[in-house]
Ligand code: SF4
Ligand code: SF4
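In my numbering, the protein residues as written are 9 to 180.
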């Protein structure tokens, strides 16, 4: 397995700073976070997660870190490698909106500049070219497709400027 992204690799030997109840409260106020503290650690979410063998920390452990107010959760790879398939959310016996919480954690991590380079690179490419990546001619030839039409990058940029997506980068 290739090395997963993220500073937080495991709980082994990890010493945490003081637990931060304010952080738990902050996450509880996020979209989907209202039932966070009802998690009783059954791990049913992790049992159905399709990326459980790709991440250094499982989704029920993410939930546990949130319950303990551990901000190190923003350094875990789970929040970025999640495919947003919603399986965990469907399976949770407590009805916790787990996937929605992960969206909020991504936003928090992004604002702190804790973002995998692949994401910031894709964002820059979208801003510069209107595309997430450059399709190669031979791929399109193989599929007998016409060349990619010219894109109106100005509209894409206007949209991204409105969402302030690129402005966040200046704070990194
Ligand atoms: S399935 Fe729900 S209650 Fe069980 S560990 Fe996951 S979040 Fe907690
Ligand atoms: S939404 Fe994310 S965390 Fe939940 S099961 Fe799917 S991949 Fe795993």
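Ideal Cβ placement from N, Cα and C applies to all residues, glycine included.
| Check | Outcome |
| --- | --- |
| Residue 22 in three-state terms, based on DSSP | coil |
| Any non-hydrogen atom of ligand 2 closer than 8 angstroms to residue 58 Cβ | yes |
| Buried or exposed (CB count within 10 angstroms, at least 16 for buried), residue 22 | exposed |
| Residue 42: CB within 8 angstroms of a non-hydrogen atom of ligand 1 | no |
| Residue 65 beta carbon less than 9 angstroms from that of residue 19 | yes |
| Exposed unless 16 or more other CB atoms sit within 10 angstroms - verdict on residue 54 | buried |
| Three-state class that DSSP yields for residue 127 in the structure shown | helix |
| Reference residue 85; option with closest CA among 45, 60, 148 and 42 | 60 |
| Buried/exposed call for residue 129, threshold 16 Cβ in 10 Å | exposed |
| Between the CA atoms of residue 133 and residue 161 - distance to the nearest angstrom | 11 angstroms |
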